[in-house]
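Engineer: For the sequence shown, our numbering assigns the number 64 to the initial residue and increments by one for each residue that follows. Glycine included, every Cβ here is placed at the ideal spot set by N, Cα and C.
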Amino acid sequence: MSNWVLGLTGGIGVGKTAVSNALADKGIVIVDADVIAKDVVAKGSPGLNAIANQFGADMLLPDGSLNRAKLRELIFADERAKTWLEQLLHPMIRSEILAQLNQAKGPYVVLSAPLLFENNLDALCDHTLLVDVPEHIQIARTAARDHVPTEQVEKIITAQMSRSEKQKRANTILNNDKSLTDMYNELELLHQNFVSIALNHSTSKPHS
64 MSNWVLGLTG GIGVGKTAVS NALADKGIVI VDADVIAKDV VAKGSPGLNA
114 IANQFGADML LPDGSLNRAK LRELIFADER AKTWLEQLLH PMIRSEILAQ
164 LNQAKGPYVV LSAPLLFENN LDALCDHTLL VDVPEHIQIA RTAARDHVPT
214 EQVEKIITAQ MSRSEKQKRA NTILNNDKSL TDMYNELELL HQNFVSIALN
264 HSTSKPHS
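1. Starting from the Cα of T213, find the closest Cα among I200, S225, I99, S83 and give me that residue.
2. Reducing DSSP to helix, strand and coil, say where S158 ends up.
3. Is it buried or exposed, T235, if we count other Cβ atoms within 10 angstroms and call 16 or more buried?
4. Looking at the unbroken beta strand (DSSP E) that takes in G70, where does it start and where does it end?
5. Closer than 8 Å by C-beta to K79: which residues in its own chain qualify, once you throw out the five before and the five after it? Chain order, please.
6. Compare the C-alpha of D189 against each of A203, V173, P197 and name the closest.
7. Do L262 and L192 come within 8 Å of each other at the CB atom, strictly closer than that value?
8. Within the stretch 191-245, note down every full beta strand (DSSP E) run reaching 3 residues or more, in order along the chain.
Here it is, written out as structure tokens:
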């Protein structure tokens with residue numbers, strides 16, 4: 064990897080998008096794993112064609128795009144289907160992530176992924192930043208934002224890697240339980256530090 068890569072992650076409702084947008088405003092390229100995951104199954108893509116060939120044309124909506132609800136239903140019910148899908152899509156996603164990380168210009172590049180640790184994408188990163196808040200704040204923020212019951216948010220959080228495990232695996236933790244202004248101020252200090260580390264990284268690499 065030619066660029067210094069910062070892995071950005073955090074559970075639902077922690078404010079990871081606000082952090083990502085703030086870094087983008089500073090001119091940092093954001094490689095978003097979620098966007099790439101959608102792109103590899105976009106209408107007419109090889110990934111979507113493979114899914115339709117494997118599981119049938121009812122995996123497609125009338126407009127030719129992916130029937131996400133139908134696919135979700137299938138992989139929840141069928142472990143083999145889930146494994147097949149992962150073996151198809153994970154290499155495609157990883158390959159596109161690597162291409163975008165290598166093409167990025169700037170002092171460093173961010174790989175943003177909610178499942179950074181779960182999918183071992185932290186292996187592609189030089190440093191990881193966890194956006195973190197206590198669970199009760201996660202639940203309150205997400206329930207208010209998405210207009211869903213708190214029980215539903217609790218189930219999503221339970222299904223994700225535990226907060227304590229993420230804290231153990233992260234190199235740096237940004238506590239986002241105060242105001243947006245506080246977050247921006249702390250992020251600015253972290254950003255300057257990351258620029259400095261990335262600069263040292265690039266100058267210390269042997270020249271061919």
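Structural biologist: According to the structure data:
1. I200
2. helix
3. exposed
4. 68-72
5. L71, T72, G73, S175, P177, V194
6. V173
7. no
8. 235-238
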